[in-house]
Amino acid sequence: MTPRERAGPRGRITLMRAAASGEIEVGYPPFTEAMYYCLGCRACETACPAGVEFGRLLEAARAAIDNSNGRETWRPEPAQSWLLNRIVAHPARLRWTARSVRLYQRVLRKRTRCKRWIANRFPDLEPLEPLAPETPRQRRRWRPPAALGPSDVVTNGDTPSVRGTLALHPGCVQSVFLPDVNADTAQVLAYNAWQVVVPKQFRCCGALHAHYGQPDVARSLARKNIAAFEASNADQLISNAAGCGAHMKAYGQLLNGDPAWAERAAKVGAAVVDVTEHLVDRGVRRPRRPIGLRATYHDACHLIHGQRVAKAPRLLLGSIPGLDLAPLPESTWCCGSAGLYSVTHPEAAAKLQQRKVGHILATGAELVVTGNPGCTFQIAAGLRAAGSSVRVVHPATVLRIAYELPPLLPRRRWRPTPFRRPA
Amino acid sequence: MLTDRVLAGLAETTSPARVLTAREDLLTYASDATALHRCVPEAVVIPRDTEQVTRIVKLANEEGFALVPRGAGTGLSAGAVPTIDSVVMLFPSWNRIVEIDPVNHTAWVEPGVITADLHAAVEPYGLFYPPDPGSMRICTLGGNVAENAGGLRGLKYGVTKDYVMGLEAVLPTGEFLTLGGKSFKDVAGYNLLDLLVGSEGTLAVFTRILVRLVARPQSTRTILASFDSVGAAGHTVTAILATGIVPATLEFLDQVTIRAVESFAGLGLPADLAALLLIEVDGRAHAVAEDADAVDRICRQHGAREVRTAANAEEAEDLRAARRASFTALAQIGPTTILEDVAVPRSAVASMLVRIQEIAAEHQVQIGVFGHAGDGNLHPTCITDARDAEAIVRTEAALEEIFDAAVTLGGTITGEHGVGLAKRQFLERHTGDPALRFMRQIKAVLDPNQVLNPGKVLGHSARCEHPPHGHPAYEEALA
Numbered sequence: 005m006t007p008r009e010r011a012g013p014r015g016r017i018t019l020m021r022a023a024a025s026g027e028i029e030v031g032y033p034p035f036t037e038a039m040y041y042c043l044g045c046r047a048c049e050t051a052c053p054a055g056v057e058f059g060r061l062l063e064a065a066r067a068a069i070d071n072s073n074g075r076e077t078w079r080p081e082p083a084q085s086w087l088l089n090r091i092v093a094h095p096a097r098l099r100w101t102a103r104s105v106r107l108y109q110r111v112l113r114k115r116t117r118c119k120r121w122i123a124n125r126f127p128d129l130e131p132l133e134p135l136a137p138e139t140p141r142q143r144r145r146w147r148p149p150a151a152l153g154p155s156d157v158v159t160n161g162d163t164p165s166v167r168g169t170l171a172l173h174p175g176c177v178q179s180v181f182l183p184d185v186n187a188d189t190a191q192v193l194a195y196n197a198w199q200v201v202v203p204k205q206f207r208c209c210g211a212l213h214a215h216y217g218q219p220d221v222a223r224s225l226a227r228k229n230i231a232a233f234e235a236s237n238a239d240q241l242i243s244n245a246a247g248c249g250a251h252m253k254a255y256g257q258l259l260n261g262d263p264a265w266a267e268r269a270a271k272v273g274a275a276v277v278d279v280t281e282h283l284v285d286r287g288v289r290r291p292r293r294p295i296g297l298r299a300t301y302h303d304a305c306h307l308i309h310g311q312r313v314a315k316a317p318r319l320l321l322g323s324i325p326g327l328d329l330a331p332l333p334e335s336t337w338c339c340g341s342a343g344l345y346s347v348t349h350p351e352a353a354a355k356l357q358q359r360k361v362g363h364i365l366a367t368g369a370e371l372v373v374t375g376n377p378g379c380t381f382q383i384a385a386g387l388r389a390a391g392s393s394v395r396v397v398h399p400a401t402v403l404r405i406a407y408e409l410p411p412l413l414p415r416r417r418w419r420p421t422p423f424r425r426p427a
Numbered sequence: 156m157l158t159d160r161v162l163a164g165l166a167e168t169t170s171p172a173r174v175l176t177a178r179e180d181l182l183t184y185a186s187d188a189t190a191l192h193r194c195v196p197e198a199v200v201i202p203r204d205t206e207q208v209t210r211i212v213k214l215a216n217e218e219g220f221a222l223v224p225r226g227a228g229t230g231l232s233a234g235a236v237p238t239i240d241s242v243v244m245l246f247p248s249w250n251r252i253v254e255i256d257p258v259n260h261t262a263w264v265e266p267g268v269i270t271a272d273l274h275a276a277v278e279p280y281g282l283f284y285p286p287d288p289g290s291m292r293i294c295t296l297g298g299n300v301a302e303n304a305g306g307l308r309g310l311k312y313g314v315t316k317d318y319v320m321g322l323e324a325v326l327p328t329g330e331f332l333t334l335g336g337k338s339f340k341d342v343a344g345y346n347l348l349d350l351l352v353g354s355e356g357t358l359a360v361f362t363r364i365l366v367r368l369v370a371r372p373q374s375t376r377t378i379l380a381s382f383d384s385v386g387a388a389g390h391t392v393t394a395i396l397a398t399g400i401v402p403a404t405l406e407f408l409d410q411v412t413i414r415a416v417e418s419f420a421g422l423g424l425p426a427d428l429a430a431l432l433l434i435e436v437d438g439r440a441h442a443v444a445e446d447a448d449a450v451d452r453i454c455r456q457h458g459a460r461e462v463r464t465a466a467n468a469e470e471a472e473d474l475r476a477a478r479r480a481s482f483t484a485l486a487q488i489g490p491t492t493i494l495e496d497v498a499v500p501r502s503a504v505a506s507m508l509v510r511i512q513e514i515a516a517e518h519q520v521q522i523g524v525f526g527h528a529g530d531g532n533l534h535p536t537c538i539t540d541a542r543d544a545e546a547i548v549r550t551e552a553a554l555e556e557i558f559d560a561a562v563t564l565g566g567t568i569t570g571e572h573g574v575g576l577a578k579r580q581f582l583e584r585h586t587g588d589p590a591l592r593f594m595r596q597i598k599a600v601l602d603p604n605q606v607l608n609p610g611k612v613l614g615h616s617a618r619c620e621h622p623p624h625g626h627p628a629y630e631e632a633l634a
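As given, the protein sequences belong to chains W and A, one line each in that order. So the mapping is simple: our numbering equals the position in the first sequence, first residue as 1, plus 4. So the mapping is simple: our numbering equals the position in the second sequence, first residue as 1, plus 155.
Quick look at the structure:
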């Protein structure tokens with residue numbers, strides 16, 4: 005296909021201006037298509053010489069499309085809105101959904117008739133199957149055990165043994181599908197003498213809702229998270245999922261039209277920090293245990309373009325003895341996951357996925373490290389499809405292993421292990 | 156309106172998929188990077204090869220419609236903005252680097268090659284293509300040649316015209332033409348090559364370009380000096396060049412720009428700084444070290460408040476940060492940014508800066524200036540709001556005075572952006588009558604039917620219009 009202006013950020017902005025000035029209607033189907041063909045990876049923001057915040061423009065444009073009711077419009081599938089508003093926004097419902105996914109993965113799909121019935125009944129779900137990770141068992145929501153504390157810090161009594169309290173945002177998808185990443189993050193932070201809390205009131209950060217034209221839901225979720233963070237009395241809000249972190253950092257902008265919340269939102273937004281960024285900025289223990297593997301690092305779009313964090317994770321990985329960190333060509337390119345993009349635009353997403361997987365395999369790495377659940381699933385699915393055994397992990401997981409900390413959440417069975425100090 | 160016959164003809168010449176007429180496509184080709192200029196084309200055509208370009212140009216002559224060639228649309232003089240009843244011509248798939256000749260230091264490229272891609276492609280050969288316009292990561296060489304693009308390295312390395320050795324082009328009548336070659340010297344006949352380079356799409360469509368390459372400098376040293384007065388910075392520039400050192404880069408930032416950069420990027424620049432100079436010397440390692448020391452000394456002698464020399468590549472990046480952020484920082488201040496580019500002789504740079512400040516104050520327009528102090532090419536950047544008619548009137552009045560001031564000081568209305576639509580009304584002041592008449596005669600001879608980018612450079616009527624064929628004003632001007 006010939007590259008077209010309307011398939012690039014500049015052309016999209018031109019179309020937004022045309023829609024804003026009434027030259028084309030917001031409900032004009034090609035306008036909607038142009039807005040949803042975008043990944044929202046925000047690589048254009050990194051490249052932009054004029055500092056245009058394209059992500060915000062895109063969210064506003066998509067919100068305008070959704071508000072243009074009453075006309076015959078192309079819009080995202082109603083199922084998506086339903087999924088975002090009725091499931092993802094509610095932790096308990098999301099856990100129940102994950103339980104059914106687990107039931108399907110472990111039992112139902114092994115029975116041919118059952119599988120066929122489901123495939124006929126819910127054809128929309130079929131493209132999701134290869135993407136879904138192996139769903140771990142869901143108990144109640146995970147919280148760091150009380151035993152997990154920064155207790156092994158030698159002080160003279162005058163200096164506090166705890167450097168500060170951090171509220172860890174567990175993420176909606178992450179807490180359900182990758183709870184071990186949250187556990188590893190908490191462990192690594194605790195090992196670096198931070199007190200970690202996971203407030204019960206945290207909800208989904210609302211990033212997906214904001215990206216998919218539902219700013220009101222996004223704002224309501226933001227208010228809940230802001231209140232929860234304030235109540236936790238933590239110093240900083242730690243995010244370990246790039247998409248969530250980028251969105252929460254912009255809470256101030258999201259709520260700047262709401263006088264009662266604008267100031268609080270800006271304050272909380274300023275307190276958000278990615279776990280790798282926090283560790284490097286505030287100093288981190290040097291890992292001792294060598295990991296004799298070749299690894300490579302994939303820049304999650306919303307970490308590098310959304311938060312401009314590129315050095316911190318590489319510094320952390322570089323500090324691990326024996327870890328051979330191979331540079332990944334085009335590491336700053338999107339893997340095609342991009343929120344719901346791999347579901348809404350499977351073909352375009354698959355192209356990006358294959359390109360990414362090709363680069364990864366060419367590095368000869370045995371481990372791909374990345375800081376976002378969407379990327380993790382997308383890249384892992386691509387590697388599985390290519391018959392590769394390369395594993396995709398979060399930087400916190402690699403660090404936890406290099407610290408010789410036993411996993412809090414074993415992958416198979418969920419059994420809390422008391423925190424043990426390394427010998 | 157284009158007739159259906161024209162659209163059918165275009166589709167037949169190329170293929171239906173290569174002719175865009177959907178509203179959502181046309182809207183996106185209505186403007187380039189120039190503020191305030193916009194005109195929706197009637198169609199967009201994407202030729203695949205020279206043969207198709209020739210046939211499209213011939214069709215334009217037969218049917219009487221205008222063709223506007225467009226590279227990446229990053230021009231700053233509205234050169235790629237369509238005119239009424241025009242068809243935009245694109246070259247997205249013409250992006251092959253056909254040949255790199257390491258012996259003759261040349262490369263044949265297609266016009267759609269991105270400038271930064273050429274930089275990267277010749278690097279393994281130890282070669283270097285010096286022109287580096289600000290948009291080099293997306294702009295194309297076809298556009299660079301058409302606009303005679305400059306960059307940060309103009310003082311030492313020159314601009315695009317110094318690196319074009321040959322061209323294959325389609326003339327406005329549809330004739331195919333080859334000019335120049337790999338021979339370093341060539342004085343056979345009139346210098347048509349230089350006529351076409353910088354012709355802003357009005358005299359030819361380039362289909363292949365032979366560029367000259369140079370050996371990559373062995374080493375580079377970056378220095379950042381800050382000054383309490385613009386005068387001191389100006390004297391420093393003069394003093395450096397007087398010693399015979401020719402820095403590859405000699406960039407200037409004024410106080411408005413420095414403050415904007417500081418509030419945008421927070422680099423720790425004091426608010427009372429009057430000027431910053433970013434200086435880069437390159438060449439053979441030992442010479443670079445000597446030059447860098449000399450530059451450092453001269454800066455201090457001329458009252459620099461602080462001089463920092465980068466010890467390694469990473470530090471050099473830090474020193475460049477302020478210059479790199481200049482445009483971004485200024486663009487944050489207001490909704491519309493008009494980036495201008497007057498150039499004056501080196502000796503008049505300080506006077507020009509003072510004049511710009513006076514003009515800005517007089518018209519109450521916020522103007523930040525940064526630019527290439529070594530070659531006298533300054534970028535007064537106006538912060539305004541396109542939605543506020545009164546502000547635009549003030550801005551345009553200020554710009555007009557700035558152009559006049561530049562011409563009075565012996566300079567030019569544009570150093571590297573070109574005339575296009577944006578500055579055609581000022582061209583006469585700069586060139587004067589006989590020169591402008593010759594230009595019109597050249598255009599009339601090469602493009603008798605006014606099909607190639609009409610109204611650009613040598614315009615007659617209001618913005619976004621061009622005189623219809625046989626318009627009395629046009630005939631009058633030619634007479």
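Glycine residues also receive a C-beta, built at the ideal position from the N, C-alpha and C atoms.
Between the stretch 524 to 535 of chain A and the stretch 583 to 602 of chain A there are fewer than three C-beta pairs closer than 8 Å, too few to call the two in contact. In this structure, Trp121(W) lies away from Arg167(W), with their beta-carbon atoms at least 8 Å apart.
When C-beta distances to chain A are compared with 7 Å, every residue of the stretch 177 to 210 of chain W stays at or above that value. At a cut-off of 8 Å, the C-beta of Pro237(A) has no neighbouring C-beta in chain W.
Interface with chain A (8 Å Cβ-Cβ cutoff): Ala254(W) is excluded.
Flagged as an interface residue toward chain W: Glu179(A), by a C-beta distance shorter than 8 Å. For Cys537(A), there is no enclosing alpha helix (DSSP H); the residue is part of the beta strand (DSSP E) that begins and ends at 532 to 539.
Your pair Gly256(W) and Ile295(W) does not check out as a contact, with CB atoms roughly 39 Å apart and the cut at 8 Å. For the alpha helix (DSSP H) assignment, the uninterrupted runs of no fewer than 4 residues enclosed by the stretch 519 to 580 of chain A are, from N- to C-terminal side, 544 to 563. Per DSSP, Ile434(A) lies in no alpha helix (DSSP H) segment; the continuous beta strand (DSSP E) that holds it begins and ends at 430 to 438. Per DSSP, reduced to three states, the secondary structure at Val411(A) is helical. Taking all protein chains shown into account, Tyr407(W) has 16 or more neighbouring C-beta atoms within 10 Å of its C-beta and is therefore buried. Neighbourhood of Phe35(W) in chain A, by CB distance below 7 Å: Glu179, in chain order. The beta carbon of Gly228(A) sits closer than 6 Å to those of Asp187, Ala235, all from its chain and outside the five residues before and after it, given in chain order. In this structure, Tyr284(A) sits away from Pro257(A), with a CB-CB distance that is not shorter than 8 Å. In the three-state reduction of the DSSP assignment, Trp121(W) falls in the helix class. Check the Cα spacing between Arg475(A) and each of Pro237(A), Leu405(A), Leu533(A): the tightest is with Leu405(A). Look at Ile252(A) here: in three-state DSSP terms it is strand. Across the set Gly306(A), Asp240(A), Val200(A), the C-alpha of Gly306(A) shows the shortest separation from the C-alpha of Asp496(A). Look at the stretch 247 to 258 of chain A: the residues with a C-beta under 9 Å from a C-beta of chain W are Pro247, Ser248.
Think of a sphere of 9 Å around the beta carbon of Ala486(A): the chain W residues whose beta carbon falls inside it are Pro53, Ala54, Gly55, Val56, in chain order.
Between Ala245(W) and the set Gly273(W), Val177(W), Arg117(W), the nearest pair of CA atoms involves Val177(W).
Apart from the 5 residues on each side of it in sequence, Asn608(A) sits with its Cβ closer than 6 Å to the Cβ of Val223, Gly356, Thr357 in its chain, given in chain order.
For Ala468(A), the number of other beta carbons within 10 angstroms of its own is below 16, and it is reported as exposed. Contact check for Arg463(A) against Leu347(A) fails: the beta carbons are separated by 8 Å or more. Counted as a single uninterrupted DSSP element, the stretch harbouring Thr393(A) is not any beta strand (DSSP E) but the alpha helix (DSSP H) occupying residues 385 to 397. Considering only Gly247(W), Ala390(W), Lys119(W), Arg117(W), the residue with the shortest C-alpha distance to Arg46(W) is Gly247(W).
Asn237(W) counts as exposed, since fewer than 16 other beta carbons sit within 10 angstroms of its beta carbon. Distance between Ile383(W) and Ala324(A), taken at the CA atoms: about 46 Å. Not a single CB atom of chain W sits nearer than 8 Å to the CB of Gly267(A). Using beta-carbon distances, Arg478(A) does not count as an interface residue toward chain W, since no partner is under 8 Å. Measuring C-alpha to C-alpha distances from Leu296(A) to each of Ile364(A), Asp437(A), Thr205(A) identifies Ile364(A) as the nearest.
Looking at the DSSP output, Gln240(W) shares a beta bridge with Leu170(W). At a cut-off of 8 Å between beta carbons, Gly289(A) contacts chain W. Apart from sequence neighbours up to five positions away, the residues of its chain that approach Gly458(A) with a beta-carbon distance below 6 Å are Ala387, ordered along the chain. Put simply, of Ser241(A), Glu218(A), Arg251(A) the residue whose alpha carbon is nearest the alpha carbon of Arg225(A) is Ser241(A).
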